[in-house]
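> Numbering-wise (the working numbering), the sequence shown opens with residue 2 and increments by one. Here's a structure for you.
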Amino acid sequence: MGFFKELRDAWKEGVEEAKAEAAEERAAEAAETAAAPQREAAERRAFLDAIPYEEKFGLALAAPFRTTIFMDWFSVFKDNDTDEEFPKHLYTVGEAGAVKKADLKNLKTAIARDFEITGEQSALLAIGQIFAGGAIPSETEFPGYDTKAKRLAYCADVISTLNLLDGEQKKDALTFIVNMAAHATAASANAGFLTAETAGSLFRDLGIFIKSLYADSVDGGSWEEYGARFLAANDIFEMNKEKGMKALRKAVDDLGKKPGSPWVNVPFRKEGEEAVTFDELAGPPLNIELYEENEIGLLEAHIETCFGHFDKVLHEFASPDIHLDVAIVDPTAERNRRVLVTMGAGTHIMDVPEELDENDLYRMELLLVLPADWSLDLGNEKDCWPVQSLKRMGRYALENETWLGWGHTVQFSEEPGESIEGTGFVGFVLVQPMGFNADGNACKLPNGSDVNFYQILALYENEMAYKVENGTDALLERFFERFGAGYDGVIEVGRPSAVL
């Protein structure tokens, strides 16, 4: 019996020891579980502290696009409000593994499609265009624009619309410009096209710019304002269809409240950071071409005297090269037309051939004539294309390193017969102002040089072909024969062709 008693007691003792060890293990596991959030929070804090503020802030600016460009990225923000996932790709471009290797191919495809970015030079070219379009100051050296290369239509459309907006819509649009620049910068760095140092410098420029833009907001701006203005700008530009907008709206909502979001973890302004006002920061780039104050005064007086009184001007807020405003001369009882006149194209000295030097054809401004009831709803493409065309014509000589003068034609599309949507017009011809006093043909500046004024006439394809074959004088004769001796070159959608 003694043997069995000893065996039983030993078994009981072993069970008690096992119970005690199991209890200790459970307690250690419980302590480990309880400490995990604090440990993970400390690890996240150490991760965040190691990233320069400018980089974190720049990635936060790009976050709406970066959370939606890939579905696996977007899924880090689940429906659980207590989600603690911490996506590295929203905080850094320098951390290894921030973007999975499997995603890099898709990322490179996306920026090649949207920005034509395929390497360092194209990345700097694309980002430089976005910076220029928003007049965002930067010390980064961007490559010169190759005027023979295909323009970045994605950026050009945004910039064209931006230049037509005023007030709060301008802030919304510039917010979108900043977001697009941040997205292109971050993606280019992820793809290995930009160094982390270059990306960080660009992020710093974008941070200074957006904070100066919001300097007059409550507390100097916030991520809430940034998200709201980003969504409002998408409505202006109509870049995304409803499915895409739904994803962006959810991304902005999640970015504002999820614990793992940079908008929750990266302050919009650092403590003690001094705000730079937009007026202090924003100014024309050093290479922008401008009229002197006395020159613009003469130009305005010339327009008033020769083309009509104007109270409204479509001011260009963001000017990448020349500052190109458009004066709007409203209809009067004497002249039942609306006249649009550029103010700024003539600051550029065109590349006129030497044999024409004595004709003083180096500077030009442009005008076009519209029906009195033409709406200038700048949010409607069917209404605002004359303004956009006038601006494109005003920059044509500068961007293509050429010159424009009487009788020159411009056809923007490379595809034969492609017209401005809904109009049938394929291009324009420059002529002397029609129906105005001849004194309006040129404005003499204080230095003695002339600014020549040309009216642009919209042409159908057969009219363009007729002009090329027979000359401008012959084409104008056709117009007068068709529409009468008093024809003033008014642009009317649906008019019959002058060439039968």
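Backbone N, C-alpha and C fix where the C-beta goes; we use that ideal spot for every residue, glycine too.
Taking the beta strand (DSSP E) that PRO372 falls in, what are its first and last residues?
365-372 is the span of the beta strand (DSSP E), which, as asked, contains PRO372.
> Less than 6 Å between C-beta atoms, sequence neighbours within five positions excluded: which residues of the same chain meet that for ALA183?
GLY59, LEU62, ALA63, LEU207.
> Suppose the cutoff is 7 Å on Cβ atoms and the five residues either side in sequence are ignored; what does the same chain contact list for ASN438 look like?
So the qualifying residues of the chain are CYS307.
> Can you grab the Cα-Cα spacing for the pair ASN235 / THR69, in whole Å?
In a straight line, the C-alpha of ASN235 is about 14 Å away from that of THR69.
> Which whole-angstrom value describes the C-beta separation of LEU341 and LEU371, a residue pair presumed to lie in contact below a C-beta threshold of 8 Å?
7 Å between Cβ atoms; contact.
> When DSSP labels each residue in this structure, what does PHE311 get in the three-state scheme?
Correct three-state label for PHE311: coil.
> Label ASP511 either buried or exposed according to how many other C-beta atoms from any shown protein chain fall within 10 Å of its C-beta, with 16 as the threshold for buried.
With the chain covering 2 to 501 only, the question about residue 511 has no answer from this structure.
> Give me the residue from PRO354, GLY257, VAL491, ARG483 with the minimum Cα distance to ALA373.
Comparing Cα positions, the closest option is VAL491.
> Give the range of the alpha helix (DSSP H) segment to which ASP115 is assigned.
102-116 is the span of the alpha helix (DSSP H), which, as asked, contains ASP115.
> Could you check which residue in ARG230, TRP224, ASP322 has the C-alpha nearest to that of ASN401?
When each option's Cα is compared against that of ASN401, the closest is ASP322.
> Under a Cβ-count criterion, where at least 16 other Cβ atoms within 10 Å of its own Cβ denotes burial, should ASN81 be classed as buried or exposed?
In this prediction, ASN81 has a pLDDT of 48, which is less than 50 and means its spatial position is unreliable; what the coordinates show is noted afterwards. The residue in question, ASN81, is exposed, as its Cβ has fewer than 16 Cβ neighbours within 10 Å.
> Can you tell me which of the three DSSP states THR503 falls into?
Summary: the structure shown does not reach residue 503, with the chain confined to residues 2 through 501, and so no result is reported for it.
> Could you give the distance in angstroms between the alpha-carbon of ASP352 and the alpha-carbon of PHE132?
Their backbone Cα atoms lie some 26 Å apart in a straight line.
> Which residue marks the beginning of the beta strand (DSSP E) containing ASP326, and which one marks its end?
Run containing ASP326: 326-330, per the beta strand (DSSP E) assignment.
> Mind checking which residues open and close the alpha helix (DSSP H) that includes LYS57?
Per DSSP, LYS57 belongs to the alpha helix (DSSP H) from 54-67.
> In angstroms with no decimal places, state the Cα-to-Cα distance between TYR92 and GLY201.
Going by the C-alpha atoms only, they are around 12 Å apart.
> Assuming ASP451 is part of the beta strand (DSSP E), what are its boundary residues?
ASP451 -> beta strand (DSSP E) spans 451-460.
> With burial defined as no fewer than 16 other Cβ atoms inside 10 Å of the residue's Cβ, what is the status of ASN191: buried or exposed?
It is buried - the Cβ of ASN191 has at least 16 other Cβ atoms within 10 Å.
> May I ask you to list the residues that DSSP assigns as paired with PHE204?
Note: PHE204 sits in no beta bridge, so no partner.
> How would you label ILE118, buried or exposed, when you count the other beta carbons within 10 angstroms and need 16 or more for buried?
Buried, because 16 or more other Cβ atoms sit within 10 Å of the Cβ of ILE118.
> Check this for me: beta carbons of SER1 and TYR461, under 7 Å apart or not?
Since the first residue shown for the chain is 2 and the last is 501, residue 1 is missing from the structure and cannot be characterised.
> Given a cut-off of 7 Å, decide if LEU446 and LEU405 are closer than it, judged by their beta-carbon atoms.
Contact: no.
> So, do the stretch 87-104 and the stretch 261-275 have three or more beta carbon pairs nearer to each other than 8 Å?
In short, these stretches touch, since the Cβ pair count reaches three.
> Following the continuous alpha helix (DSSP H) through GLY168, name the residue where it begins and the one where it ends.
Looking at the DSSP string, the run of the alpha helix (DSSP H) that includes GLY168 is 168-191.
> Excluding the 5 residues flanking HIS409 on each side, which residues of the same chain have their C-beta closer than 8 Å to its C-beta?
Excluding sequence neighbours, HIS409 sits near VAL430, LEU431.
> Report the option in SER376, GLU419, GLU493, MET365 whose CA atom is closest to the CA atom of ASN442.
Looking at the Cα atoms, MET365 is the closest of the given residues.
> Hey, out of TRP375, TRP224, TYR292, whose CA is closest to GLY345's CA?
Residue TYR292 is the option with its Cα nearest to GLY345.
> Have a look at GLY129, ASP331, ALA197 and flag the residue whose alpha-carbon is nearest the alpha-carbon of ALA97.
ALA97 has its Cα closest to that of ALA197, out of GLY129, ASP331, ALA197.
> Leaving out five residues before and five after SER139 in sequence, what residues of the same chain have Cβ atoms less than 6 Å from its Cβ?
Answer for SER139: PHE132, ASP206, listed in chain order.
> Tell me whether PHE194 is buried or exposed, calling it buried when 16 or more other Cβ atoms sit within 10 Å of its Cβ.
Classification for PHE194: buried.
> I need the straight-line Cα distance from GLY487 to GLY436, nearest angstrom please.
Their backbone Cα atoms lie some 7 Å apart in a straight line.
> Taking 7 Å as the limit between beta carbons, can you name the residues of its chain near SER218, skipping five residues before and five after?
Here the set comprises GLU226.
> If the criterion is Cβ atoms closer than 7 Å, does the pair GLU301 and THR348 meet it?
No.
> Going straight from the alpha carbon of GLY129 to that of PHE143, what length do you get?
About 6 Å.
> With distances taken between CB atoms, is the gap from SER189 to ALA248 smaller than 7 Å?
For SER189 and ALA248, no; Cβs fall outside 7 Å.
> Just mark HIS303 as buried or exposed, buried being the case when its beta carbon has 16 or more other beta carbons within 10 Å.
Answer is buried; the Cβ neighbour count reaches 16.
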